[in-house]
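Residue numbers (the working numbering): 15 to 103.
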Ligand SMILES: N[C@@H](CCC(=O)N[C@@H](CS)C(=O)NCC(=O)O)C(=O)O
């Protein structure tokens, strides 16, 4: 199961949601209300000590940083690629 900690106003989280959508992957969302300061809750800081979204959890692996998450998704789910096949592309 793919779990995404995210928020609607986060462009970084949107980037990951776009990747999940392009790859047609099912995921479960955990909404972290940044405007209410939920990113600073001790439970969330255990998941990401930096107190920022997005965070992806997959089979026990905790992946932080939107670009790293997209790279992880591309490697683990290569179908429906989200990166060009060559540097020129
Ligand atoms: N480099 C990180 C940046 C993450 C980040 O800054 N997330 C923002 C939302 S776009 C956040 O959670 N901010 C909460 C805060 O600053 O308190 C990434 O790409 O994932």
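Note that CB positions come from ideal geometry on N, CA and C, so glycine has one too.
This one's a predicted model, so the numbers in the text were calculated from it and none came from an experiment.
Among 102, 44, 96, which one has its Cα closest to the Cα of residue 22?
The residue you call residue 22 lines up with position 8 of the chain shown. Checked all of 102, 44, 96; the closest Cα to residue 22 is 44.
Report the residue from 65, 57, 98, 42 whose alpha carbon sits nearest the alpha carbon of residue 48.
Here residue 48 is taken as the residue at index 34 of the chain shown, counted from 1. Ranking 65, 57, 98, 42 by Cα distance to residue 48 puts 65 first.
Have a look at residue 67 and residue 80 and give me their C-alpha separation to the nearest angstrom.
Position 53 of the chain shown, counted from the first residue, corresponds to residue 67. Position 66 of the chain shown, counted from the first residue, corresponds to residue 80. Distance between the alpha carbons of residue 67 and residue 80: 8 Å.
Run the CB neighbour count on residue 27, radius 10 Å, all protein chains shown included, and call it buried at 16 or more, exposed below.
Translated into positions along the chain shown, residue 27 becomes position 13. It counts as buried.
Assuming residue 78 is part of the beta strand (DSSP E), what are its boundary residues?
Reading the chain shown from its first residue, position 64 is the one you call residue 78. Element bounds for residue 78: 75-78.
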